[in-house]
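Residue numbers (the numbering used here), protein chains in the order written: chain A, 1 to 466; chain B, 467 to 557; chain C, 558 to 1039.
Using N, Cα and C, we set each Cβ at its ideal position, and we do this for glycine too.
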Amino acid sequence: MIGLEIHCQLTRLESKLFCSCKADYREFSTNINICPVCIGLPGTLPRLNQKAVEKATTIALALNCQTPKKIAFFRKNYFYPDLPKNFQITQLNLYGPTSIGEKGKISIEGKDIRIRRIQLEEDPGRLIYEGVSERTQITLVDYNRAGTPLVEIVTEPDFDSPRQVRLFLGILSDLLENLGVSDPTLEGAMRADANVSIDGGPRVEIKNIGSFYDLEKAIHFELTRQESLKSRDIAISQETRHWDDKRKITIASRSKEEDEDYRYILEGDIPWVVLDSQSVEKWRRNMPEGISSKKERYVRDYGIPTQVADVLSSDKYYSDLFEQAHNKSNAKEIANIITTDLMGLIDTREKREQSKITSKHLADLVELVNSGKVTRTSAKNALQEIVKTGKSVSEIVSQTGLGKISDEVELGKIIDEVIKEETSAVQQAKDNPQTINYLVGKVMQKTKGNADPATTLRIFKDKISS
Amino acid sequence: MIHVVTKEEIEHVAKLMRIDIDDIDEYFEKIQKVLNYFDSLDKVDIESEEISTHEISVNELRDDKHVPFESKLISSLKTYKEDYIRAPKMN
Amino acid sequence: MSLAVSAIEYIDNVKNGNITAEEFTAKTLEQISKHDSSLHAYLLVNDNALEQARLVDKKIKAKEKVGAFYGMPISIKDNICVKGGKTTCASKMLQNFVAPYDATVVSNLKSEDAVLIGKTNLDEFAMGVTTEFSAFGPSRNPWNPDYVPGGSSGGSAVSVSALECVASLGSDTGGSVRNPASFCSVVGLKPTYGLVSRYGLVSYANSIEQIGPLGRRVEDVALVLNHISGKDVNDNTTVENHNTDYLSEIDAGIKGKKIGIISEMSKGEGLDKNVENAFWKSVSVFEGLGAKVEEISLDLVKFTVATYYVLTTAEAGSNLSRYDNLRYGYDMDVEGYEFKSYISKARKNFGREVTRRMILGGFVPSAGFAGKYLLKALKVKSKLKKEISKAFSKFDFLISPTVPILPFKFGEKMRDPLAMYLADINTVTANLTGIPAISVPFEIHNGLPIGVQIHANTLQEKHLLQAAYSLQSMTKIPRVPL
């Protein structure tokens, strides 16, 4: 039995949870993105971000959770240098349901993963360890991140395997990105801890997992470790373990975290926020269309194949491009060109950020292909240029001669060249008609994909058989 | 139910609060007295009481805008090289 | 012109050109240098005060728009942040802390051309009733310097009483404005919770405390309230004041009003006989003014001190966690320490009372004790609020002596914290329920002041000040013997 505790930064918000410093701290040099509130200076008070409440509610709704009538905030009190006030403002359900959502669920491959609760809370700062020897070691603290809005999602221990965990996290990432609340590809934007137990035995928590890739490994390791103990009749202790990234194992936590008593109290500086049904309904209506709903729509309305619809709908960047580019007649082709050619081309966040392609480019390109003016292959090649320079499709067509070559005389010349060069292939083609495709391919190479395949094939056949 | 607090319990709490007390005896007596006084609350009938709350509507909450602080705050705090705050080593 | 003027008189005189702001501030500074080495109301006197006053005079001369205070000297309790200046909370932990921002109430006063004459002494982090817990020495009662001035806003009360300023801002968590106001024979108001912004007030018990004005006259307190109250974007717990003018019609009187005497606070063995006598004289005064007075029993009062200390120690424990000396505080290098040991050593700079309360505050919300103490206290608080609301369905005001005892000598209550906590028995109810309450000077007995406390329902400050003004109009208090 595996359960998860996932922390997602709401990176798409403008400001932090309790002050007006920037929510995404990554561009700032040390301790610049701070103010008296997020540093916890004496006398300062938290000011709750309205959009954070809205976005957290949409996450709760997207995960099919119940939302309470009022939400409250609590203080989790403990001392740590990354915590400017030495308490974290978070949410609990200590006096009835007061966190932003609870009792939700999400399905993966027919299996229901239940969401125990969702809470809104602030991220602490970041620690750096310095010093060379044991004696001189000190800790350096950067508070740029302190106060960044986090949504913590706690699942029930419903996962059966590390693989299911991986699938879930993929779906969750897509969902959060689709909602427009977070960019999960940003470093540190999504972190997860796991708890693992076997056969109803004691729960072991694993913390300090750096990436989702490591998470799968860590869970796998821990399951194996527990199975091994069990098979030797050794008791498994309920404890917190840390993932040791270097040795790729979980190790028992030296700091007695389970001794920590968080002395929870209500956060007196933030009144209980009433989630009136009017506001919640407004937020629900403004939520972007869900991924599965999009997928169904693509299949149903545009006849896009299920596989393609699946890939397209789960990626917000591309589905946005698709939504803007398509109309009733070209939807299938737009979807096709995106999933087959474009996705491979701009496959990292940097490449996406630098990409200059727009939905108009796609629409124009597909228009040209459909009207026969440009081959599918040429269109694919044109994409590279468009992504790099953003030049309009018509510009590229005229500049690089992207138009299809169907002029028989021109084609004939090139075909003759190929026949001269590929004498053995030509011989083979006489007996084996399939080899003609290889020769057609050569012509395509020479014309940078601009030769009209049908015409080329016909001319070849004529020339060869004669 | 009357709970008589022990020295160990007080030492444990002091540790949690990161407080170093040299003369536990002095503190112990006074704290024990106050805690015993708190026990008088047991006499109040509050079985059916709900805790009262201050409320605020979502519309009164802060707009999501990035407004940087007016000055370089880190200059007025205790810093170390490259503007880091310096803390003791962690175990 | 005498320093003993009220705020209203001061402003009129400056408007009429009888005195300049600079002259008055200079006289005030003289008074401070004359008396404060013995009274110790101030931790810090603003060396820029005269310049501030001069700027106001310039504005007046140039016939520019002048703020409501006309350069009036106001002192600020040293747990309220003033930009660029030290805010120590009378603690060694913050002995070098310079606030990089102004509290909202401070900005408000500045923009209304008040002269911020200095920061006043308090019990460390506002925890105490005498200023004896200040890390920098106590303040002395100007009526008799061997006696405590009350607390925790002792310095504020002394500065007003000793004519070292015209008004002051203190903070009231369990009576910390009303108690010293009563002991020093000045007026002290605790507003409704949320009426005055706490942004910039160093938190002790944030769900209960309020900044409150002190002055020599009820109308002065009303004037200050006009300029510090109202919703503040920087404080989510503030409420609307609907642009109420607390000063207008302050002399409306209390004819026909129904006043309830809180029995548990006004009779019994905990009450000093002289205080009791004085209080019942005030009852006759209220009746003479046309009010209907009768007794009411508030059964839960006897649990309020325990409830108060459970809740405030829990909040204090949390609010003071941030003082780990890493980001600000005092000099103590981290090299050679491990995290836990550094923090524990650094926090030894807290005084004994603060330390005691933090330990209590660690107890009451801790696992295993939270249900017993914290949750219970929260529920008693709810029940008390209901009891008070019920009382206000019958009465317009509730009254009691402010403090059940006379001012006492230094050292008298230091040995027994519980005895000290019980001095708050009459004042904590207003804090726990959020209602406004005011202390009005009533009598001097053998040279020691006695004050009367009036409560009103939530956000009824305008009526409360009218009742206080009525009482004041029938009361003659001798001059402070300086």
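According to the DSSP assignment, K111(A) belongs to the beta strand (DSSP E) that extends over K111 to E122.
Y567(C): not part of any beta strand (DSSP E); member of the alpha helix (DSSP H) spanning A564 to K572, first to last residue.
About 6 Å separates the beta carbon of V1009(C) from that of P958(C), a gap short enough to meet the 8 Å contact definition. Assignment of F967(C) by DSSP, reduced to helix, strand and coil, places it in the coil class. The C-beta of V562(C) has 16 or more other C-beta atoms within 10 Å across all chains shown, which makes the residue buried.
Neighbourhood of D142(A) in chain B, by CB distance below 9 Å: D549, Y550 and I551, in chain order.
Exposure of V533(B) is indicated by the presence of fewer than 16 other C-beta atoms within 10 angstroms of its C-beta. In this structure, the alpha-carbon of K902(C) lies about 8 Å from that of I485(B). Shown here, A194(A) sits in a strand according to DSSP, grouped into three states.
S878(C) sits buried, since 16 or more C-beta atoms from the chains shown fall within 10 Å of its C-beta. Between S725(C) and A683(C), the gap from beta carbon to beta carbon reaches 8 Å or more. Annotation for Q767(C): the continuous beta strand (DSSP E) segment containing it runs Q767 to G772.
A distance of 8 Å or more separates the beta carbons of Y550(B) and D82(A). Residue-level contact check: D529(B) touches chain A, since one or more beta carbons of chain A fall below 8 Å from its beta carbon.
Remark: C-beta atoms of Y865(C) and V985(C) approach each other more closely than 8 Å. Residues of the same chain with a CB within less than 7 Å of the CB of D802(C), apart from the 5 flanking positions on each side, are N783 in chain order. When DSSP states are grouped into helix, strand and coil, T870(C) belongs to the helix group. Spatial neighbours of R774(C) in its own chain (CB-CB distance under 6 Å, excluding positions within 5 residues in sequence) are listed in chain order as S563. Linking L266(A) to I476(B) through their CA atoms gives a straight-line distance of about 23 Å. Put simply, of Q238(A), A189(A) and M190(A) the residue whose alpha carbon is nearest the alpha carbon of V204(A) is Q238(A). For R914(C), no CB of chain A lies under 8 Å from its own CB, so it is not counted at the interface with that chain. In the three-state scheme derived from DSSP, where H, G and I count as helix and E and B as strand, R697(C) is classed as coil. Between A451(A) and V443(A), the C-beta gap is smaller than 8 Å, which places the two residues in contact. Along the segment 88-103 of chain A, none of the residues has a CB nearer than 7 Å to a CB of chain C. When DSSP assignments are scanned along the segment 124-211 of chain A, the uninterrupted stretches of beta strand (DSSP E) that are 3 or more residues long and fall wholly within it turn out to be 126-130, 138-142, 149-155, 190-196 and 204-207. The DSSP-derived three-state label of K849(C) is strand.
Secondary structure of S394(A) (DSSP, three-state): helix.
For the alpha helix (DSSP H) assignment, the uninterrupted runs of no fewer than 4 residues enclosed by the segment 715-778 of chain C are, from N- to C-terminal side, 735-741.
A direct Cα-Cα distance of roughly 33 Å separates E408(A) from T389(A). Chain A has a Cβ within less than 8 Å of the Cβ of S764(C).
In this model, C646(C) and K634(C) are separated by some 8 Å (Cα to Cα). Annotation: Q445(A) to A309(A) spans about 31 Å, alpha carbon to alpha carbon.
The C-beta of G449(A) has 16 or more other C-beta atoms within 10 Å across all chains shown, which makes the residue buried. Taking a 10 Å sphere around the C-beta of Y750(C), we find 16 or more other C-beta atoms and assign the residue as buried. Per DSSP, R552(B) is one residue of the beta strand (DSSP E) stretching across I551 to P554. Minimum Cα-Cα distance from A218(A) among the listed residues P162(A), D269(A) and I234(A) corresponds to P162(A).
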